[in-house]
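UniProt numbering applies: residue 1 is where the sequence shown begins, and numbers increase by one.
Backbone N, C-alpha and C define an ideal beta-carbon position, used for all residues, glycine too.
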Amino acid sequence: MEFNQQLLVDSLKAKYKHQDLPFSLHIFNTLSSTNQTLWQLIDQGEKPGSVVIATQQTAGRGQWGREWQSPKGGLYLSMAIAPNLAATSSYQLTLASAWGITAQLRKCGIPVGIKWPNDLVLDGRKLGGILTETKVNQGQITQAMIGVGINWANQVPETGINLQLWQNSQNCQMIDHLEILTSQVLIGIKSGIECLQTEGINILLSHYLDLLINMGDQVYVNNFLGKVVGVTQEGNLRLKMTTDDAKAALTPEISVQPGTISLGYRQT
């Protein structure tokens, strides 16, 4: 399956009328990792806004060093940005990208939601995920990479779903080409980062929570039951802990970092 770069460019031009495209596109059929390739290009002088796209990865990476299965037929891309953020706020880039992509796909008529912290979910199954990598100097993020994988026509595990088969099941093609999906993802990332930079984390976080499927979920932490009530500015999950003591005046709230608990999938 050859990627049609002109179709992608035309789709982006329809969005950014009378403007230069805010992306520099590098398209490959197969790569080891789009993030890795883009870091190499940045080292060679590529600027923020550079994008690497592939339809297959042989050594894709997920969060916390996990392998990201990246079979042929999916969408795998990375975008380089230069955010003005403190290193302690790096997870805000993931929240912004997750919200931006999800909101953009919903504009296309696809009812995507966000599963904390960085998964895109459709019908209770994983449609895609986000991996953010950063370089830091003197406490500030100088360069960042937003890596995204979306299931388009590739094989997926039982907990996954690909967009092409889902659209067939709906007898409706909201997005009819991989290149159109790519343009929507790029537009989504850009809009999410712009929201973070211009409106701030509080507004961005409220948008993110509106699309979070986990609100109200009950989860166990160290054998204690808690209910999901939100997400902190650092990306931690806020839990209101329950108690068996009916006389207890307060139910404490805690926050847990990404990667410390798994919320799983609720298939519908």
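With 16 other Cβ atoms within 10 Å as the buried cut-off, status of residue i
i      : result
ASP210 : exposed
HIS18  : exposed
TRP64  : Because the pLDDT at TRP64 is just 42, under 50, the model does not fix this residue reliably, and the point stays unresolved.
SER11  : buried
CYS172 : exposed
ILE175 : buried
LYS195 : The identity of residue 195 in the sequence shown is Cys, whereas the question assumes Lys. Answer is buried; the Cβ neighbour count reaches 16.
ILE203 : exposed
LYS47  : exposed
GLN257 : exposed
GLN170 : exposed
Proximal residues to residue i (C-beta, below 7 angstroms), its chain only, five neighbours per side dropped
i      : result
HIS177 : LEU7
ASN4   : GLU179
ARG125 : THR159, GLY160, ILE161, TYR265, GLN267
LEU127 : VAL112, LEU120, VAL121, ILE150, ASN151, ILE161, LEU163
For residue i, the three-state DSSP class (helix, strand or coil)
i           : result
THR268      : Residue placement at THR268 is poorly supported in this model, since its pLDDT is 49, which falls under 50; the coordinates still yield a value, given next. Coil, per DSSP.
THR30       : coil
ASP217      : coil
LEU21       : coil
residue 275 : There is simply no residue 275 to check, as the chain begins at 1 and stops at 268 in what is shown.
GLY200      : coil
ASP210      : helix
GLY235      : coil
ASP262      : Asp is not the amino acid found at residue 262; the sequence shown has Ser there. Here SER262 sits in coil by DSSP.
ALA80       : strand
SER50       : strand
TRP64       : Here the model assigns TRP64 a pLDDT of 42, short of 50, so the residue's position is not dependable, and the following value carries that caveat. Helix at TRP64.
LEU95       : helix
VAL9        : helix
Cβ-Cβ distance between residue i and residue j below 7 angstroms
i      : j      : result
GLY45  : SER24  : no
ASN236 : GLU133 : no
MET241 : GLY226 : yes
GLY192 : GLY100 : yes
LEU77  : TRP152 : no
ILE189 : SER97  : yes
THR58  : SER32  : yes
LEU95  : TYR208 : yes
ILE110 : ASN118 : no
VAL185 : VAL148 : yes
THR37  : VAL52  : yes
TYR91  : GLU2   : no
Cut-off 6 angstroms between Cβ atoms - residues of its own chain near residue i, not counting five sequence neighbours on either side
i           : result
THR142      : LYS135
residue 270 : Any property of residue 270 remains undetermined from this structure, which presents the chain solely from 1 to 268.
ALA144      : ILE81, PRO83, LEU93, THR134
SER255      : THR232, ASN236, ARG238
ALA103      : none
Proximal residues to residue i (C-beta, below 8 angstroms), its chain only, five neighbours per side dropped
i      : result
LYS15  : SER183, ILE187
ALA87  : THR134, VAL136, GLY139, GLN140, ILE141
LEU21  : VAL9, LEU12, LYS13
ASP217 : LYS227, VAL228, LEU263
TRP116 : LEU212, ASN214, VAL228, VAL231, LEU237, PRO258, LEU263
THR251 : LYS240, MET241, THR242, THR243
Check: residue i C-beta below 6 angstroms from any heavy atom of the ligand COA
i     : result
THR37 : The ligand COA is absent from the structure shown, which contains no ligands of any kind.
I want to know whether the stretch 155–172 touches the stretch 82–98 - three or more CB-CB distances under 8 angstroms. No contact exists between the stretch 155–172 and the stretch 82–98.
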